[in-house]
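So for the sequence shown, our numbering puts the first residue at 1; every next one is plus one.
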Amino acid sequence: MTASDRQSHWQTVYLTKGEQQVSWSQADPQPSLRLIESVAPSRDASIIDIGGGASRLVDALLTNGFHDLTVLDLSEAALASARKRIGATGDAVRWVADDATVWQPPRAFDIWHDRAAFHFLVEENDRAAYLDRLHRGVKAGGHAVIGTFALDGPEKCSGLPVQRYDPATLGRAIGPAFELIAHEAHRHVTPWGATQSFQFSVLRRR
1 MTASDRQSHW QTVYLTKGEQ QVSWSQADPQ PSLRLIESVA PSRDASIIDI GGGASRLVDA
61 LLTNGFHDLT VLDLSEAALA SARKRIGATG DAVRWVADDA TVWQPPRAFD IWHDRAAFHF
121 LVEENDRAAY LDRLHRGVKA GGHAVIGTFA LDGPEKCSGL PVQRYDPATL GRAIGPAFEL
181 IAHEAHRHVT PWGATQSFQF SVLRRR
């Protein structure tokens, strides 16, 4: 799937479905928020949310005092939805409509967060492009918090195939520049009551 195909797919999803019609919707963005707070050096930490879409994580980060925030997503519609929901408070957030496999990080961040974006990259060249951005986009000593479907999680999401991981296989995929320092299983309940198995890993940039 090309970057253009991905953009078209997710733009259509967010233009045609409401928040309660997508499986990844969360009223309370856990465990992402807790894991980010566990590694943030301060409330001044620079944080980027990859594939953040219309997620409520940015709302929670703002409420909890973080202010150096960037949200990147393929879908302009998703970002517009989040901006409308947050209102004027969101003016301080950097909203970036781009594909994480072609986007060029303008700087290195303290924390790179990704809940369920990386696992959609099932082709090796797309994963390599993403990992190039990850390596350039995290400061030495900074952290990546990455959530993917676990090995017993769904094989598809939104009609697209995914690559499932456990902490060990994700760590190997990310490479030796990052050290796996924590991980946990998470059972996500969709708006219609189905349960999905995730794993969240926290990795430190060496």
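We treat Cβ as the ideally placed atom computed from N, Cα and C, and that holds for glycine.
Taking every protein chain shown into account, the CB of Leu203 has 16 or more other CB atoms within 10 angstroms, so this residue is buried. Taking a cut-off of 8 Å on C-beta distances, the segment 24-33 touches the segment 56-69, as three or more cross pairs fall below it. Distance check between Thr101 and each of Tyr130, Asp114 and Ser158 places Tyr130 closest, using alpha-carbon atoms only. In the three-state reduction of the DSSP assignment, Glu19 falls in the helix class.
CA-to-CA, the gap between Val189 and Gln196 works out to about 6 Å. Using a Cβ distance threshold of 8 Å, Pro191 and Gln20 count as a contacting pair.
Assigned with DSSP and collapsed to three states, Gly141 falls in strand. Leu69 and Leu79 do not touch by the CB rule: their CB atoms are close to 13 Å apart, not below 8 Å. Here Trp192 carries a coil assignment [DSSP, helix/strand/coil]. The way I'd put it, the segment 113-120 doesn't touch the segment 79-91; fewer than three beta-carbon pairs between them come closer than 8 Å.
By the neighbour-count definition (other C-beta atoms within 10 Å, threshold 16), Ser46 is a buried residue. A distance below 7 Å between beta-carbons, with the five flanking residues on each side excluded, links Gly52 to the following residues of its chain, in chain order: Val58, Val71, Leu72 and Asp73. Collapsing the DSSP output to three states places Trp95 in a strand. Excluding its 5 nearest sequence neighbours in each direction, Leu121 has C-beta neighbours in its own chain below 8 Å: Thr101, Arg127, Tyr130 and Gln163, listed in chain order. Judged by DSSP in its simplified three-state form, Glu76 adopts helix.
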